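See structure below.
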Amino acid sequence: MLKLPSRSVVILLAALCAAALIVPYVTGPYAIKFVTRIMVIAIFVISLDFLIGITGLVSFGHATFFGIGAYVLYFVSPEADAANALIAFPLAMIVAGLCACIIGAVSVLTRGFYFIMVTLAFGQMFYSLFHDTRFAGGSDGAYINVKPAVTLAGASLLDLGGRLTFYHVCLVLLVGCYLMFLALARCPLGRVLQGIRHNEQRVAALGYNAYVFKLVAFAIAGSIAGLAGVLYATIDGYVTPDLFGWRESGVAIMMVVLGGTGTLYGPVLGAILYALIEEVLKTSSLVGPLAEHWSLGLGLFLIAAVLSAPRGIAGLLERRAATAAKQSTTAVPPSIKRVAARGKELEVQDLRKSFGGLVAVDNVTLRLAPNQVHGIIGPNGAGKTTFINLLSGALRPTAGQVRLDGEEIAGSPPHAIARRGLGRSYQRTNIFLPFTVRENCLLAAQARRPSPFRLTAGKHWAENNADIAYALAATGLSARAEDRAAHLSHGEQRQLEIAMLLASGARLLLLDEPLGGMGPEETARVTALLRELAADHTVVLIEHDMDAIFATSDTLTVLVGGRVLAQGTPDQIRRDAAVRQAYLGRFADQEPI
Amino acid sequence: MELVLIQVLNGLQYGLLIFLAASGLTLVFGILGIINLSHGSFYMLGAYLAVTLTSYLGDVFLALIVGIPIAFLFGAVIEWLFIRHLYDRDHLQQVLLTFGLILIFNELQRILWGTRPLGVATPSYLEGSIRLTEVLSYPVYRVAVAAICVLLAVAMMLVIQRTRIGQMIRAGESNREMVEVLGIDSRLLFRFVFAAGVALAAAAGIIAAPVETVYPGIGERVLIISFVVVVIGGIGSIKGAFIGALLIGLADAFGKVFLPQFASFAVYALMAATLILRPGGLFGRV
Chain A
12 MLKLPSRSVV ILLAALCAAA LIVPYVTGPY AIKFVTRIMV IAIFVISLDF LIGITGLVSF
72 GHATFFGIGA YVLYFVSPEA DAANALIAFP LAMIVAGLCA CIIGAVSVLT RGFYFIMVTL
132 AFGQMFYSLF HDTRFAGGSD GAYINVKPAV TLAGASLLDL GGRLTFYHVC LVLLVGCYLM
192 FLALARCPLG RVLQGIRHNE QRVAALGYNA YVFKLVAFAI AGSIAGLAGV LYATIDGYVT
252 PDLFGWRESG VAIMMVVLGG TGTLYGPVLG AILYALIEEV LKTSSLVGPL AEHWSLGLGL
312 FLIAAVLSAP RGIAGLLERR AATAAKQSTT AVPPSIKRVA ARGKELEVQD LRKSFGGLVA
372 VDNVTLRLAP NQVHGIIGPN GAGKTTFINL LSGALRPTAG QVRLDGEEIA GSPPHAIARR
432 GLGRSYQRTN IFLPFTVREN CLLAAQARRP SPFRLTAGKH WAENNADIAY ALAATGLSAR
492 AEDRAAHLSH GEQRQLEIAM LLASGARLLL LDEPLGGMGP EETARVTALL RELAADHTVV
552 LIEHDMDAIF ATSDTLTVLV GGRVLAQGTP DQIRRDAAVR QAYLGRFADQ EPI
Chain B
34 MELVLIQVLN GLQYGLLIFL AASGLTLVFG ILGIINLSHG SFYMLGAYLA VTLTSYLGDV
94 FLALIVGIPI AFLFGAVIEW LFIRHLYDRD HLQQVLLTFG LILIFNELQR ILWGTRPLGV
154 ATPSYLEGSI RLTEVLSYPV YRVAVAAICV LLAVAMMLVI QRTRIGQMIR AGESNREMVE
214 VLGIDSRLLF RFVFAAGVAL AAAAGIIAAP VETVYPGIGE RVLIISFVVV VIGGIGSIKG
274 AFIGALLIGL ADAFGKVFLP QFASFAVYAL MAATLILRPG GLFGRV
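Line by line, the protein sequences are chains A and B. The opening residue of the first sequence carries number 12 in my numbering; numbering runs sequentially from there. The opening residue of the second sequence carries number 34 in my numbering; numbering runs sequentially from there.
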């Protein structure tokens, strides 16, 4: 999770603001314009960092929205009069935001490299639309004859053509945008976005529709890029198709990486550094005849920067402040009263999954009664994890039905199933490693609140805290609440998986080998916890630790080759000859398990 | 009808050419895991090598024969100097570094060859045209370009299918981690693949030089179009790159005639449409 910037960074940013306030009084028009340009580009790159560094969407087409914002100003500017900034600027944001919604709706379907390329393609589409046609000045670009002014009720309040006025407007907007994105990244919405960046599958399994969240982030970033674009067009009074081009997007990525992704302030520093280096290399009084070949120097600088400071300027500033393991201030006694509730009932009918010719789950029919622990055992490759994946929605069944408390859930996406109260853990530890233990649980807890899009935790704050305190106490993690998940031992990480399920309020828990890698003490605690949980949950347990699963379960189901071989109480299963034959093979005639 | 035929021929020829450039890109991404923004610069390198070598050797085909080894060596040096530091870095850093390379290559090009557009002569024995119908003829050199592209593509397939290094490439294509587990010296394999990708792109630049003007921005156009081809075909898939390149070649050729102002738009729209229908490209693993 994004932390508030450290004190030294805050001082640095404040110093930069102060410098920006002084610049107009000690320099000339050239410097004022230069700094204005940096501030506008900084707004643009902060919005890009919100996509890349916070949400994990590497867009190579962010300039699309920058260009759209700029062209909106061109279209609303009358031939010989000033456009009203109070209309033009919000309009640019709205148009850019809407375009981002449409382009994003398509783009966020893809991932990784394909996302990079599809966003690039959309940018190039706009570029060629404006470049290859005579529309809006074609490849030559077009002039905005009169710069916009802020007009209210007929009275002109601010003329943005005035160099100094516009300079200060840009400074205010830059600071505003930074604070807004910082707040966004730290609110519940931002927590989900950062969760998506680190582990999208897990976010979906907690009940969030990752697609919608990514789209929201894309639209917000696009609309702010539109604001930057309209400001940029105001600086020069000129728009050109190059504003949409891949180079514009590429340079913005450079600035973000140079400054440090995912820090929001880093890209601002990146923009300043990039512009300064370019300016220095172009100034012949400083570098002599080399000024003509400035891009050679810039290229070498970028390469040197990647190789020597992979985490950017921010990485150099933030010398890993070792997060002192603060004792949790909310150490709540383990015995919190929970409202007794009923677990969910699960009915599975003729469930089938085939991968090509291979049938992994073969017509399984089961009824798992509420408030019991149901163990599922079977040799490796029996289809246990596939079965869990079908129940949780990670895989779509080929045929069959799954009913959760009578409601059909087969074929629904994972987030929809999770929101109905089915939670799962994973065979391989699947948590948000860069988050603290508390933040992991918080992400789980806020998933079930009515609207996860809220900007503040609001009235649910206390509820969330109580849920988390219970979950941490139950799994013995209270003392480690403020530690990063990456620093936990393997066993503790497995416990955190369970804690997240508890915090999420799920009523049916699918646990895929929760005891894997735990020591005997932890195993004893977790099995005891599972028994306790059956009071208000239904627990479905896959486990290779036979002693533990026979001791814990109320019913056992044996899967072999994707089929149900036997079902019954642990005692019945222990005595079942077919099970012993299938499960133990040649050891079948030896001691019972 | 004649127009359609000519455009089919033009489209196929252009498609084959970008296949050469794109196949290098897809190999480098599929096996090395590197997003190489500077790939277009190697096409540019080829085009300018064609200018210089043809002026000394007198024939663009001699330039091709001399140019390919030069480009291969150049690629190996670039891999050793820069690219090898990127294998365990994330995509963003790869983008940043290779973008820096573009800036350097463009500037070096300006220093060495200037900004004036240059041309390369078609060999005199290939100057004529082939009569296809009463009113229609097609330049012999363009046919030769297509033939050379097919030849190089076949040679590449043979290397990949029949040789030991090709076997490693195929192993790497389907599972990058496996290559290392199998005890193959991945450093040499990676260097070879990168250099071969550079040589392929440069070869395309050399043989295309007589049919197009050689100008400073030539690499970037090829870069973007190669990325489009790679993505349509599915990252890492040579077969996909081949089909993607022909599709793009045809779309571009027909677009230029029937909707001249929307030709490039059509190309990008085709890519976006492909990804919407198949988010992993035509032959890609998602």
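Note that the Cβ used here is the ideal one computed from N, Cα and C, for glycine as well. It should be emphasised that the depicted structure is a prediction, and the values quoted were computed from it without experimental measurement.
Under a criterion of Cβ atoms nearer than 7 Å, the residues of chain B adjacent to V69(A) are, in order, H124 and L125.
Not a single C-beta of chain B is nearer than 7 Å to the C-beta of D151(A).
When the beta-carbon positions are compared, A221(A) and A228(A) stay at least 7 Å from each other. Around the Cβ of L204(A), a 10 Å sphere holds 16 or more other Cβ atoms; the residue is buried. Selection L190(A), A517(A), A371(A) and P199(A) evaluated against A410(A) yields A371(A) as nearest (Cα-Cα).
By alpha-carbon distance to M191(A), the top candidate from L433(A), S58(A), R407(A) and T534(A) is S58(A). Straight across, the Cα-Cα distance linking K272(B) with G266(B) is about 7 Å. For T566(A), the pairing in a beta bridge is given by DSSP as H385(A).
When beta bridges are read from the DSSP output, Q46(B) appears opposite no residue.
Residue pairing by DSSP places S365(A) opposite V370(A) in a beta bridge.
For T162(A), the enclosing beta strand (DSSP E) starts and ends at A160 to L163.
If you look at R585(A), you'll find it in the alpha helix (DSSP H) that goes P581 to R586.
Secondary structure of Q457(A) (DSSP, three-state): helix. In summary, G173(A) is exposed, with fewer than 16 beta-carbon neighbours lying within 10 Å of its beta-carbon over all protein chains present.
Within the DSSP bridge table, the entry for A410(A) names R363(A) as partners. For the region 49-75 of chain B, the residues whose beta carbon sits under 9 Å from a beta carbon of chain A are, in order, F62, I68 and L70. For S167(A), the uninterrupted beta strand (DSSP E) run begins and ends at A166 to D170, by DSSP.
Taking the Cα positions, I258(B) is about 15 Å away from F295(B). Contact between G80(A) and A107(A) holds: their C-beta atoms lie close to 5 Å from each other, under 8 Å. DSSP, read as helix, strand or coil, puts N69(B) in coil. Between the alpha carbons of T121(A) and A514(A) lies a gap of roughly 31 Å. Identification of residues in the region 248-282 of chain A having a C-beta nearer than 9 Å to some C-beta of chain B yields W257, R258, G261, V262, I264, M265, V267, V268, L269 and T272, given in sequence order.
Taking the beta carbon of F132(B) as reference, the chain A residues within 7 Å of it are G261, M265 and L313, listed in sequence order. It is roughly 7 Å from the alpha-carbon of P390(A) to the alpha-carbon of V571(A). Secondary structure at R495(A): strand, using DSSP grouped into helix, strand and coil.
Close CB contacts of F62(B) within its chain, under the 8 Å cut and outside five residues either way in sequence, are with I68, N69, V263, I268 and G269 (chain order).
Within chain B, the C-beta atoms nearer than 9 Å to that of G310(A) come from F132, G133, L134, I135, L136, I137, F138, N139 and E140, in chain order. Between F298(B) and L109(A), the gap from beta carbon to beta carbon reaches 7 Å or more. Taking 7 Å as the CB threshold, D60(A) stays off the interface with chain B.
Residues of chain B whose Cβ lies closer than 7 Å to the Cβ of T144(A) are, in chain order, Q294. Here Y437(A) is not near D556(A), since their CB atoms are 7 Å or more apart. Of E35(B), A54(B), H118(B) and L45(B), the smallest CA-CA separation from R220(B) is found for H118(B). The continuous beta strand (DSSP E) containing P172(B) extends over residues S170 to P172. At the C-beta level, Q583(A) and T568(A) stay beyond 7 Å of one another. In the DSSP assignment, S139(A) falls within the unbroken alpha helix (DSSP H) covering G123 to D143. At least one C-beta of chain A is nearer than 7 Å to the C-beta of A305(B).
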